[in-house]
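Undergrad: Structure incoming, see below.
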Amino acid sequence: MSFVEYSDFIQDGDVAIVYLGHDSLMPVKVQQGAQTQTRYGVIRHSTDLIGQRYGSKVTCSKGGWVHVLHPTPELWTVSLPHRTQILYTTDIATITMMLELKPGSVVCESGTGSGSLSHAILRTVAPTGHLHTVEFHQQRAEKAAEEFKEHRVDHLVTVRNQDVCKDGFGVTGVADAVFLDIPSPWEAVRHAKAAMKKQGGRVCSFSPCIEQVQRTCEALADQGFEEISTVEVLLRVHDVRTVSLPLPDFGPEPSAQMESDAAEKKPPAPNQASITMKTTTPPREIPGHTGYLTFATKPRT
Amino acid sequence: MADNRDDDSQHRIKEGDYVVLKRGDIFKAVQIQPKKKVIFEKQWFFLDKAVGHLHSTTFEIVSGGLQPLKPKDSESSNDAKEAGTDNRNIIDDGKSQKLTRDDIETLKEQGLKGQEIIQQLIDNSSTFKDKTEYAQDKYIKKKKKKYENTVTILKPSCRILAMMYHGREPGKICHLRYDTLAQMLTLANIHAGSKVLVFETCAGLVLGAVMERMGGYGSVIQMYPGGEPVRAGVESFGFPAHFHDMLHGFPICHVNALLAGTLDTTAKDPSADSKQAIVAAEEKQNLPEAEQQGSPEEQSMEASSGSDGSHDQEKRKEAKAQERKVKLEEKRRKLAASAALLEGRNADGLVIASRFHPCPVLMCLLKFLSPSRPFVVYSQYKEPLIECYTKLKEQGGAVSLRLTDTWLRHYQVLPNRTHPLLLMSGGGGYLLSGTTVAMDRSKPAGSQRAEEPAPKRQKLTDTEG
Numbered sequence: 004m005s006f007v008e009y010s011d012f013i014q015d016g017d018v019a020i021v022y023l024g025h026d027s028l029m030p031v032k033v034q035q036g037a038q039t040q041t042r043y044g045v046i047r048h049s050t051d052l053i054g055q056r057y058g059s060k061v062t063c064s065k066g067g068w069v070h071v072l073h074p075t076p077e078l079w080t081v082s083l084p085h086r087t088q089i090l091y092t093t094d095i096a097t098i099t100m101m102l103e104l105k106p107g108s109v110v111c112e113s114g115t116g117s118g119s120l121s122h123a124i125l126r127t128v129a130p131t132g133h134l135h136t137v138e139f140h141q142q143r144a145e146k147a148a149e150e151f152k153e154h155r156v157d158h159l160v161t162v163r164n165q166d167v168c169k170d171g172f173g174v175t176g177v178a179d180a181v182f183l184d185i186p187s188p189w190e191a192v193r194h195a196k197a198a199m200k201k202q203g204g205r206v207c208s209f210s211p212c213i214e215q216v217q218r219t220c221e222a223l224a225d226q227g228f229e230e231i232s233t234v235e236v237l238l239r240v241h242d243v244r245t246v247s248l249p250l251p252d253f254g255p256e257p258s259a260q261m262e263s264d265a266a267e268k269k270p271p272a273p274n275q276a277s278i279t280m281k282t283t284t285p286p287r288e289i290p291g292h293t294g295y296l297t298f299a300t301k302p303r304t
Numbered sequence: 193m194a195d196n197r198d199d200d201s202q203h204r205i206k207e208g209d210y211v212v213l214k215r216g217d218i219f220k221a222v223q224i225q226p227k228k229k230v231i232f233e234k235q236w237f238f239l240d241k242a243v244g245h246l247h248s249t250t251f252e253i254v255s256g257g258l259q260p261l262k263p264k265d266s267e268s269s270n271d272a273k274e275a276g277t278d279n280r281n282i283i284d285d286g287k288s289q290k291l292t293r294d295d296i297e298t299l300k301e302q303g304l305k306g307q308e309i310i311q312q313l314i315d316n317s318s319t320f321k322d323k324t325e326y327a328q329d330k331y332i333k334k335k336k337k338k339y340e341n342t343v344t345i346l347k348p349s350c351r352i353l354a355m356m357y358h359g360r361e362p363g364k365i366c367h368l369r370y371d372t373l374a375q376m377l378t379l380a381n382i383h384a385g386s387k388v389l390v391f392e393t394c395a396g397l398v399l400g401a402v403m404e405r406m407g408g409y410g411s412v413i414q415m416y417p418g419g420e421p422v423r424a425g426v427e428s429f430g431f432p433a434h435f436h437d438m439l440h441g442f443p444i445c446h447v448n449a450l451l452a453g454t455l456d457t458t459a460k461d462p463s464a465d466s467k468q469a470i471v472a473a474e475e476k477q478n479l480p481e482a483e484q485q486g487s488p489e490e491q492s493m494e495a496s497s498g499s500d501g502s503h504d505q506e507k508r509k510e511a512k513a514q515e516r517k518v519k520l521e522e523k524r525r526k527l528a529a530s531a532a533l534l535e536g537r538n539a540d541g542l543v544i545a546s547r548f549h550p551c552p553v554l555m556c557l558l559k560f561l562s563p564s565r566p567f568v569v570y571s572q573y574k575e576p577l578i579e580c581y582t583k584l585k586e587q588g589g590a591v592s593l594r595l596t597d598t599w600l601r602h603y604q605v606l607p608n609r610t611h612p613l614l615l616m617s618g619g620g621g622y623l624l625s626g627t628t629v630a631m632d633r634s635k636p637a638g639s640q641r642a643e644e645p646a647p648k649r650q651k652l653t654d655t656e657g
């Protein structure tokens, strides 16, 4: 297992994702002799996981069962331990395409946070790219570095514990793309520019508030960035449902009544008709806003 | 830095390069060819002079040729910042512009640059200085759009091409909006080193996007309908030659045979003659004319072997036949290679985006995936995806099913004028995504029967909802 390479069988030391049911996933560090409690009972790693194929059904002690999935950045995003607010797949997908990330890209990111976006970037730039990620919170930086090692992607990433607004990314002239998710991105714009290749590249800043966007756009324009564009992407999930709509009883039709005059014995048919169909409903509540994504191009300098 | 020059050579426009022309939000993909006339935004020009310049250079169109524009000379706004506060005294009498249409045409004929014409228009507008600062900006922006004749030449990327197709020819890509394409690539976990199946009728845009994300590592098998795969969009990406080594094609009309095990044996053994004949017969379907020519040609060869004049012709025909034979062999070899890749039924991802009904396509192609692998299906309409969802729930073999779409909102961000630009709801299409799982754990891995109809107790998955 690795977050950048599929394998077929679960091995000791892997991170597997236990799929308990809809929207309920749990990452498990696979260890010989270890056990994991789920609401369906216990999973014994030595017998239930190690040597099994990813995607297998595992029967737990209480007779219930779960599926064990190969980790992907997307599954990790919905199951990872939060240390901060994280970016979700909808924004990540947009960021990845609009930053033109691909194998070989060199990317700078700050802050690392819980590493949700970091894993997606690493997946995309592997095997020849690199991620330079900066986190000013020491404990979070250390935790992220530890996770990258556990997930076998540490050869693709450098974690730096410093303040990006003061000290920059720790590299200059190497990045194809820069991503900023910090409270005051406008203070890091010049560092972003310095980190990027002289041939140019793409930059993205994620901010929840429009005032932050306003200041960032000004800073980007001042630093000579071009094609500045701000977008927002909202995900809509459609729950598939079978619904049944009853038809009201309008009472006997006049024509039918006349008929029934002729044949008086016929009892009035109970009108219980309803129409069943497959449709979708929106969830009761959906995230209406995550953040504004501001993209720009650094021209050749 | 000594390697600077080397660095740059990779970023220069070369003859034969695929590039994208850009003005404002309008894109057009072209190939750089000598003496080729290009029409873009109602203007024609030759691309010859772009060769040798760096990508992302902006050019001015001067009488059919291109002249590189110095960066940073564009925003020279008029320094006389005189502006009104409101429009109470601005009357629409249609006489505010003192230049007539003919005057403007004359200016154009004199070869005045766009910037200069705009300045003339401003100087001759009696109301311009009374307009508010914002209205002035807007006026200039509008005129720029009309009179500026610049074009930027860009290196193609998935971002640019997806935006271009959506803007220019949404019908050709089933109205797949670029943010939806972005979701697909991420949800399908497309990355270097995997084996991905793609079924698309989006001019090759989706295929190209997948290839870009794989960077030449791993393999992509394009399942295509009809005689030949459509790859126009792939060309526009301008991939290096080795990227094409990872691309395989497999006609979808052979899928049933492959699943039944009747195709794979033929494709596997290249030496067997009878098998070659079968592939040749398939070829005949695709190229009926070429094949029919075959036998009379051979006859004429024997008949006319005496005369000198026909000797050349005969040779040519022979060469032609030989060439066709080589082509046929090549095609058969490729089919065999694709079949071999599919046979393992261990693909790592599946991406479907077509004008066909997605349900049978998904049900059929899922059989080629390993367990615990993501798949994503695009459809312009929601209803067929509801059907896919229902069928997958009944049959089992997939978890984490989600039917989604995304809304994309653009913002204008300017001092005191920040607001959403336009709401693009609908139109971007819908996605069904999920992850494959093993149907039954007792069955041996990679078994041909791994995807038999699910046992009844799979119904338990209903608890998910």
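If you read the sequences in order, they're chains A and B.
The opening residue of the first sequence carries number 4 in our numbering; numbering runs sequentially from there.
The opening residue of the second sequence carries number 193 in our numbering; numbering runs sequentially from there.
Backbone N, C-alpha and C fix where the C-beta goes; we use that ideal spot for every residue, glycine too.
#1: Using a C-beta to C-beta distance shorter than 9 Å, which residues of chain B count as neighbours of valine 236 (chain A)?
#2: For leucine 250 (chain A), which of helix, strand or coil comes out of DSSP?
#3: State the start and end residues of the unbroken beta strand (DSSP E) segment that holds aspartate 322 (chain B).
#4: Can you tell me whether lysine 60 (chain A) is buried or exposed, with buried defined as 16 or more other CB within 10 angstroms of its CB?
#5: Using beta carbons (cut-off 7 Å, strictly below), is valine 240 (chain A) in contact with chain B?
#6: According to the neighbour-count rule (16 or more other Cβ atoms, all chains shown, within 10 Å of its Cβ), is histidine 122 (chain A) buried or exposed?
#7: Mind listing the chain A neighbours of methionine 406 (chain B)? Cutoff is C-beta to C-beta under 8 Å, in chain order.
#8: Taking Cβ positions, are valine 181 (chain A) and glutamine 226 (chain A) nearer each other than 7 Å?
#9: Is leucine 83 (chain A) closer than 7 Å to serine 113 (chain A) when the C-beta atoms are compared?
#10: Run through DSSP, which three-state label would arginine 204 (chain B) get?
#11: For my contact list, leucine 46 (chain A) and proline 30 (chain A) are in at a C-beta cut-off of 8 Å; report their separation, rounded to the angstrom.
#12: With a threshold of 7 Å between beta-carbons, can asparagine 381 (chain B) be considered close to chain A, or not?
#13: Taking 7 Å as the threshold (C-beta atoms), are valine 243 (chain A) and isoleucine 578 (chain B) in contact?
#14: How far does the alpha helix (DSSP H) with histidine 358 (chain B) in it extend, from its first residue to its last?
#15: Within the 7 Å Cβ cut-off, does serine 208 (chain A) reach chain B?
#16: When the distance is taken between beta carbons, is valine 343 (chain B) closer than 7 Å to arginine 215 (chain B)?
#17: Going by other Cβ atoms of all chains shown within 10 Å of its Cβ, with 16 needed for buried, is glutamate 233 (chain B) buried or exposed?
#18: Contact between the stretch 79-96 of chain A and the stretch 41-57 of chain A: three or more CB pairs below 8 Å?
#19: Closest Cβ-Cβ distance between methionine 3 (chain A) and chain B: below 7 Å?
#20: From A:Thr136, A:Thr80, A:Glu150, pick the residue whose C-alpha is nearest to that of alanine 195 (chain A); which is it?
#21: So, with DSSP's three-state summary, where would you put glutamine 259 (chain B)?
#22: Say whether chain B places a C-beta atom closer than 7 Å to the C-beta of histidine 73 (chain A).
#23: Using a Cβ-Cβ cutoff of 8 Å, what residues of the stretch 381-398 of chain B are near chain A? List them in chain order.
#24: Using 8 Å for Cβ pairs, my map puts glycine 621 (chain B) next to leucine 399 (chain B). What's the rounded Cβ distance?
#25: Kindly list, in the order they appear in chain A, the residues whose Cβ is closer than 8 Å to that of proline 563 (chain B).
#26: Short of 7 Å in beta carbon distance, which residues of its chain neighbour arginine 204 (chain B), apart from the five on each side in sequence? Order them along the chain.
#27: Does any residue of chain B have a CB that is nearer than 7 Å to the CB of alanine 180 (chain A)?
#28: Identify the residues that DSSP records as bridge partners of alanine 19 (chain A): which are they?
#29: Give me the subset of the stretch 618-629 of chain B whose CB atoms are less than 8 Å from a CB atom of chain A, sorted by chain position.
#30: Does the beta carbon of lysine 301 (chain A) come closer than 7 Å to any beta carbon on chain B?
#31: So asparagine 381 (chain B) packs on proline 566 (chain B), CB below 8 Å; how close in whole Å?
#32: What are the boundary residues of the alpha helix (DSSP H) that serine 121 (chain A) is part of?
#33: Of the choices A:Pro74, A:His292, A:Arg42, whose alpha-carbon is the least far from that of lysine 32 (chain A)?
#34: Using 7 Å as the limit for Cβ to Cβ distance, is lysine 65 (chain A) near chain B?
#35: So with Cβ pairs under 7 Å, would you call arginine 126 (chain A) a contact of chain B?
#36: Where do the N-terminal and C-terminal ends of the alpha helix (DSSP H) with proline 194 (chain A) fall, by residue?
TA: In brief:
#1: Taking the first residue of the first sequence as 1, we reach residue 236 (chain A) at position 233. The answer, in chain order, is Asp371, Ala374, Gln375, Thr598, Trp599, Leu600, Arg601.
#2: Taking the first residue of the first sequence as position 1, residue 250 (chain A) is located at position 247. Annotated three-state conformation of leucine 250 (chain A) is coil, per DSSP.
#3: Residue 322 (chain B) sits at position 130 when you count from the first residue of the second sequence. Under the DSSP assignment, aspartate 322 (chain B) falls outside any beta strand (DSSP E); it carries neither an H nor an E label.
#4: Residue mapping note: residue 60 (chain A) aligns to position 57 of the first sequence, counting from 1. Buried, by the Cβ-count rule.
#5: The sequence position of residue 240 (chain A) within the first sequence is 237, counting from 1. Yes, valine 240 (chain A) counts as interfacial toward chain B.
#6: Counting from 1 along the first sequence, the entry for residue 122 (chain A) is found at position 119. Buried, by the Cβ-count rule.
#7: Locating residue 406 (chain B) in the second sequence gives position 214, counting from the first residue. By Cβ distance, chain A contributes Pro106.
#8: Within the first sequence, residue 181 (chain A) is the residue found at index 178, counting from 1. Within the first sequence, residue 226 (chain A) is the residue found at index 223, counting from 1. The answer is no: Cβ separation not under 7 Å.
#9: Counted from its first residue, the first sequence places residue 113 (chain A) at position 110. Counted from its first residue, the first sequence places residue 83 (chain A) at position 80. Serine 113 (chain A) places its beta carbon 7 Å or farther from that of leucine 83 (chain A).
#10: Start at 1 with the first residue of the second sequence, and residue 204 (chain B) comes out as number 12. Looking at arginine 204 (chain B) - three-state DSSP - the assignment turns out to be strand.
#11: Taking the first residue of the first sequence as position 1, residue 46 (chain A) is located at position 43. Taking the first residue of the first sequence as position 1, residue 30 (chain A) is located at position 27. For the sequence presented, residue 46 (chain A) should be read as isoleucine rather than leucine. Not quite, the Cβ-Cβ distance comes to about 13 Å (not below 8 Å), so this is no contact.
#12: Locating residue 381 (chain B) in the second sequence gives position 189, where the first residue counts as 1. Asparagine 381 (chain B) counts as touching chain A.
#13: Residue mapping note: residue 578 (chain B) aligns to position 386 of the second sequence, counting from 1. Residue mapping note: residue 243 (chain A) aligns to position 240 of the first sequence, counting from 1. Here isoleucine 578 (chain B) is near valine 243 (chain A), since their CB atoms are less than 7 Å apart.
#14: Taking the first residue of the second sequence as position 1, residue 358 (chain B) is located at position 166. Looking at the DSSP string, the run of the alpha helix (DSSP H) that includes histidine 358 (chain B) is 350-360.
#15: Here residue 208 (chain A) is taken as the residue at index 205 of the first sequence, counted from 1. At least 7 Å separates the CB of serine 208 (chain A) from every CB of chain B.
#16: As a position in the second sequence, residue 215 (chain B) is number 23, starting the count at 1. As a position in the second sequence, residue 343 (chain B) is number 151, starting the count at 1. In this structure, arginine 215 (chain B) sits near valine 343 (chain B), with a CB-CB distance shorter than 7 Å.
#17: Numbered from its first residue, the second sequence carries residue 233 (chain B) at position 41. By the 10 Å Cβ count, glutamate 233 (chain B) comes out exposed.
#18: Fewer than three pairs of CB atoms, one per stretch, sit closer than 8 Å, so the stretch 79-96 of chain A makes no contact with the stretch 41-57 of chain A.
#19: Since the first residue of chain A shown is 4 and the last is 304, residue 3 (chain A) is not available in this structure.
#20: On the first sequence, position 192 is the one that residue 195 (chain A) refers to. When A:Thr136, A:Thr80, A:Glu150 are compared, the shortest CA-CA separation from alanine 195 (chain A) is found for A:Thr136.
#21: By one-based count along the second sequence, residue 259 (chain B) stands at place 67. Here glutamine 259 (chain B) sits in strand by DSSP.
#22: Numbered from its first residue, the first sequence carries residue 73 (chain A) at position 70. Cβ-Cβ to chain B under 7 Å: yes for histidine 73 (chain A).
#23: Result list: Asn381, His383, Ala384, Gly385, Ser386.
#24: Taking the second sequence and counting its residues from 1, the one referred to as residue 621 (chain B) is at position 429. Taking the second sequence and counting its residues from 1, the one referred to as residue 399 (chain B) is at position 207. In fact, because the Cβ distance is near 17 Å, the residues do not count as touching under 8 Å.
#25: Your numbering for residue 563 (chain B) matches position 371 in the second sequence. Within 8 Å Cβ-Cβ: Arg56, Tyr57, Gly58, Ser59.
#26: Within the second sequence, residue 204 (chain B) is the residue found at index 12, counting from 1. Excluding residues within five positions, the ones whose Cβ falls inside 7 Å are Gly244, His245, Leu246.
#27: Here residue 180 (chain A) is taken as the residue at index 177 of the first sequence, counted from 1. Under the Cβ distance rule, alanine 180 (chain A) does not count among the residues neighbouring chain B, no pair being separated by less than 7 Å.
#28: One-based indexing of the first sequence puts residue 19 (chain A) at position 16. Secondary-structure assignment with DSSP links alanine 19 (chain A) through a beta bridge to A:Val31.
#29: Answer in chain order: Tyr622, Thr627, Thr628, Val629.
#30: If you number the first sequence from 1, residue 301 (chain A) lands on position 298. Using a CB distance cut-off of 7 Å, lysine 301 (chain A) does not count as an interface residue toward chain B.
#31: Residue 381 (chain B) sits at position 189 when you count from the first residue of the second sequence. Residue 566 (chain B) sits at position 374 when you count from the first residue of the second sequence. The beta-carbon separation of asparagine 381 (chain B) and proline 566 (chain B), rounded to 5 Å, stays under the 8 Å limit for a contact.
#32: Reading the first sequence from its first residue, position 118 is the one you call residue 121 (chain A). From DSSP, the alpha helix (DSSP H) with serine 121 (chain A) extends over 119-128.
#33: Reading the first sequence from its first residue, position 29 is the one you call residue 32 (chain A). Comparing Cα positions, the closest option is A:Pro74.
#34: On the first sequence, residue 65 (chain A) is found 62 positions in, with the first residue counted as 1. So no, lysine 65 (chain A) is outside the interface.
#35: Counting from one through the first sequence, the residue named residue 126 (chain A) turns up at place 123. For arginine 126 (chain A), the answer is yes, since a Cβ of chain B falls inside 7 Å of its Cβ.
#36: Taking the first sequence and counting its residues from 1, one reaches residue 194 (chain A) at position 191. The question names proline, yet the displayed sequence has histidine at residue 194 (chain A). Element bounds for histidine 194 (chain A): 192-198.
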